[in-house]
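What follows is a single structure, written as structure tokens, with notes after it.
2 protein chains.
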Amino acid sequence: MKLTDLSSKVTEWFNGTGLMADIVISSRIRLARNIAGFNFLTKCSNADKLAILNRFKTVLLNLDILHDAAFFDVDNAAEIERVFMVERHLISRHMAAATGPRGVVVADNELFTAMINEEDHLRLQTLKPGLALTACWQRINEIDDAIQQKVRYAFDRRLGYLTACPTNLGTGIRVSVMLHLPALKMTEQLDKFIAACREMNLAVRGLFGEGTEALGDFFQISNQQTLGVREEDIVEKFTNEIIPAIVNYEKRAREELFGSQNELLEDKLARALALLKHARLISSNEALFLLSNLRMGVNMKRITNIPISTINELFLLTQPGHLQINQGRCLEARQRDLLRAATIRTRLN
Amino acid sequence: MKLTDLSSKVTEWFNGTGLMADIVISSRIRLARNIAGFNFLTKCSNADKLAILNRFKTVLLNLDILHDAAFFDVDNAAEIERVFMVERHLISRHMAAATGPRGVVVADNELFTAMINEEDHLRLQTLKPGLALTACWQRINEIDDAIQQKVRYAFDRRLGYLTACPTNLGTGIRVSVMLHLPALKMTEQLDKFIAACREMNLAVRGLFGEGTEALGDFFQISNQQTLGVREEDIVEKFTNEIIPAIVNYEKRAREELFGSQNELLEDKLARALALLKHARLISSNEALFLLSNLRMGVNMKRITNIPISTINELFLLTQPGHLQINQGRCLEARQRDLLRAATIRTRLN
């Protein structure tokens with residue numbers, strides 16, 4: 000499998016289906032793991048990194064329970080290929096920017112990834128569209144068990160899984176949900192929402208995880224505690240309490256927009272559609288914001304002639320890496336803005 | 000004549016005709032005059048102000064050479080009427096905000112105004128569309144002479160006309176030209192242009208004169224020197240040197256936009272048109288900026304199906320005072336933004 004096999008289609012976790020799909024884009028669980036007998040990566044020689052990489056690559060590519068597993072070498076990838084992989088959430092920005100032997104195994108139609116030599120030796124990740132953390136947990140747990148048949152993880156009976164950063168110690172789990180909250184933003188309730196999340200000890204991040212701001216009204220909510228808690232309890236709390244509560248906030252904000260703020264809503268939607276259909280130069284940030292408004296309009300049934308799949312496709316395909324991979328070459332910013340605008344215009348008109 | 004007789008039509012000086020009309024909106028000359036035997040206004044009692052007001056009102060309304068002269072009482076005008084008069088440049092912001100007996104005589108289809116008790120006892124003003132300072136000067140000179148048949152101005156043989164502010168002393172003349180310079184702005188050459196004007200001892204002001212910033216790429220250029228110069232020399236220098244030089248700068252910037260910056264130009268024009276045709280809420284500032292881009296597009300023959308008269312009409316009629324006078328009542332900001340967007344949308348679609 001090559002990256003270009005992926006580049007023209009929407010990743011499955013972003014297909015707009017699943018539970019609470021109008022507000023919950025996707026669910027994701029990742030586990031941080033390290034092999035016993037090797038240093039953590041900050042104290043690892045390149046030879047050791049290569050050994051770790053090859054070990055996990057072999058194990059994962061031969062794991063029966065993974066479907067269509069493929070390995071992508073990040074160290075030797077071209078810059079636009081790395082950007083592309085970040086855009087599809089196959090790898091993290093951190094991994095794209097690092098050096099040394101490292102790579103990612105992708106399987107299950109991009110719903111499973113395993114970054115090798117990111118911050119830990121191994122970062123497993125399962126994704127699903129909509130609110131589906133239980134399914135993510137079942138799948139990742141199953142894969143993790145299968146790997147443990149072949150590899151001895153660094154594990155302490157009292158502390159649990161040992162990780163490079165103490166914030167991941169114990170379960171090594173990160174449960175996160177990507178939410179689309181344009182109405183909370185439009186009604187100026189984001190600060191309140193973020194403060195409430197912090198109080199519940201949840202991290203609020205942007206579209207591309209740690210260190211990225213919220214772009215186009217997309218937010219990732221994730222747990223911060225990994226030590227002394229059961230994985231199932233975190234998953235259950237997210238599924239039954241936290242996410243439904245946030246979804247309700249956003250729904251109430253959308254109802255407010257339908258009512259007293261109707262003119263503001265109409266204006267935002269009309270502007271987004273007009274600019275997407277007519278502008279000649281669109282930056283990736285602006286595209287995110289405009290498509291975000293459009294997505295809300297479609298989900299609120301205010302815009303009826305555009306399928307949500309078209310919008311999701313445009314979200315993904317108009318990112319800089321996708322544009323360049325699909326053109327097969329590097330493009331200057333101005334050229335990308337032109338191509339992005341043309342792509343959107345053609346698709347929407 | 001009532002204000003509502005004016006409110007639905009475009010002022011003649013803004014009709015988009017005349018010399019260099021694609022860049023020069025209008026030419027304007029004003030003369031500052033005071034009656035001998037009265038204090039300047041800062042030291043004037045209300046009784047004296049009333050006497051001055053009545054005196055000039057009578058003289059001006061009975062001046063044979065003025066066509067359709069009408070008087071508007073500013074002191075007793077409603078707030079939206081004052082706003083309306085400022086928007087049409089019948090009175091200054093300063094006069095709208097002041098107190099005490101004051102008013103304006105309007106004649107010649109709004110191409111002549113005489114503010115009574117603004118900063119000086121009398122401020123005469125003639126306007127023309129396009130570059131037409133010589134015609135403005137001939138007309139104002141003729142009117143000024145006619146007034147002098149009836150009123151003795153405060154005049155000193157050595158200093159010339161005495162004025163409330165020493166910056167107007169001597170000729171009391173202000174020659175100014177309203178320019179539309181969107182390409183200089185788009186190509187980021189405004190700072191250079193403003194610095195050049197300052198070097199030539201010219202004042203650069205916004206759409207509504209002193210103390211107002213440049214809105215929607217409109218700039219007023221005017222002389223600063225009034226003492227020890229002949230009026231005809233100022234008019235000639237503006238007509239033959241200063242304005243043609245600025246017009247050439249703007250033209251070169253437009254050519255640049257046609258060439259290397261063509262995509263940027265296309266984008267600005269497409270965005271302006273899309274937003275004007277589709278937005279549901281438009282503020283007066285945004286309307287100015289968008290209509291400004293549209294005006295350039297039409298003048299550059301990039302937009303062909305909208306007459307310049309429609310754009311000029313929209314510039315004027317979508318201002319807050321015009322919207323409210325035409326509705327016959329005060330409107331909240333949100334209501335104005337709705338009505339403005341609807342007015343523009345209807346006119347352009």
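Residue numbers (numbering that gives the first Met the number 0), protein chains in the order written: chain Z, 0 to 348; chain C, 0 to 348. C-beta: ideal position from N, C-alpha, C; glycine also. These numbers were taken from a predicted model, which means no experiment stands behind them.
Beta-carbon gap between residue i and residue j smaller than 8 Å
i, j, result
"Z/L65", "Z/F13", "no"
"C/N116", "C/K48", "yes"
"C/L158", "C/I22", "no"
"C/T227", "C/L268", "The residue you asked about is not Thr; residue 227 of chain C is Gly in the sequence shown. No."
"C/L290", "C/I310", "yes"
"C/D336", "C/I281", "yes"
"Z/R122", "Z/A113", "yes"
"Z/T162", "Z/D119", "yes"
"Z/E262", "C/R251", "no"
"Z/L2", "Z/I302", "no"
"Z/L367", "Z/E249", "Missing from the structure shown is residue 367 of chain Z; chain Z here goes from 0 to 348 and no further."
"Z/K127", "Z/G205", "no"
"C/H277", "C/S6", "no"
"Z/A273", "C/A273", "yes"
"Z/V103", "Z/F55", "no"
"Z/I307", "Z/G15", "yes"
"Z/I305", "Z/L347", "yes"
"C/M19", "C/V246", "yes"
"C/E265", "C/T170", "no"
"C/R270", "C/Q124", "no"
"Z/I241", "Z/L201", "yes"
Buried/exposed call for residue i, threshold 16 Cβ in 10 Å
i, result
"Z/R328", "exposed"
"Z/M199", "exposed"
"Z/T41", "exposed"
"Z/L338", "buried"
"C/N222", "buried"
"C/Q219", "buried"
"Z/T186", "buried"
"Z/A182", "buried"
"Z/D155", "exposed"
"C/D190", "exposed"
"C/T345", "exposed"
"Z/M0", "exposed"
"C/E254", "exposed"
"C/P319", "buried"
"Z/R225", "Checking the sequence, you will find Thr at residue 225 of chain Z rather than Arg. Classification for Z/T225: buried."
"C/G36", "exposed"
"Z/A194", "exposed"
"Z/S259", "exposed"
"C/R151", "exposed"
"C/A95", "buried"
"C/K184", "buried"
"Z/N298", "buried"
"C/D387", "Since the displayed chain C opens at 0 and closes at 348, residue 387 of chain C lies outside it and no answer follows."
"C/A244", "exposed"
Residue i - partner residues in DSSP beta bridges
i, result
"C/D143", "According to DSSP, which records beta bridges pairwise, C/D143 is partnered with nothing at all."
"C/V203", "C/I220"
"C/S175", "C/R27 and C/S221"
"Z/D155", "Z/G159"
"C/P128", "C/S25"
"C/T112", "C/V105 and C/Q124"
"Z/G169", "Z/Y160"
Enumerated in chain order, which unbroken segments of the beta strand (DSSP E) with a length of 3 residues or greater are wholly contained in the region 22-76 of chain C?
23-32 and 69-72
Is there contact between the region 173-183 of chain Z and the region 232-248 of chain Z, where contact requires at least three CB pairs shorter than 8 Å?
yes
Does the region 56-65 of chain C come within contact of the region 135-150 of chain C, defined as at least 3 CB pairs closer than 8 Å?
yes
If we count Cβ pairs, one from each stretch, closer than 8 Å, do we get three or more for the region 307-322 of chain Z versus the region 278-294 of chain Z?
yes
Three or more C-beta pairs under 8 Å: does that hold for the region 68-87 of chain C against the region 22-35 of chain C?
no
Cβ contact (3+ pairs, closer than 8 Å) linking the region 131-138 of chain Z and the region 81-101 of chain Z
no
Is the region 92-109 of chain C close to the region 5-12 of chain C, with three or more CB pairs under 8 Å?
Yes, the region 92-109 of chain C touches the region 5-12 of chain C.
Under 8 Å: do the region 237-246 of chain Z and the region 120-133 of chain Z share three or more Cβ pairs, one atom per stretch?
Taking 8 Å as the limit for Cβ pairs, the verdict is that the region 120-133 of chain Z does touch the region 237-246 of chain Z.
Return the chain-ordered ranges of every alpha helix (DSSP H) run that is complete within the region 273-346 of chain Z and spans a minimum of 4 residues.
283-298, 307-316 and 319-326
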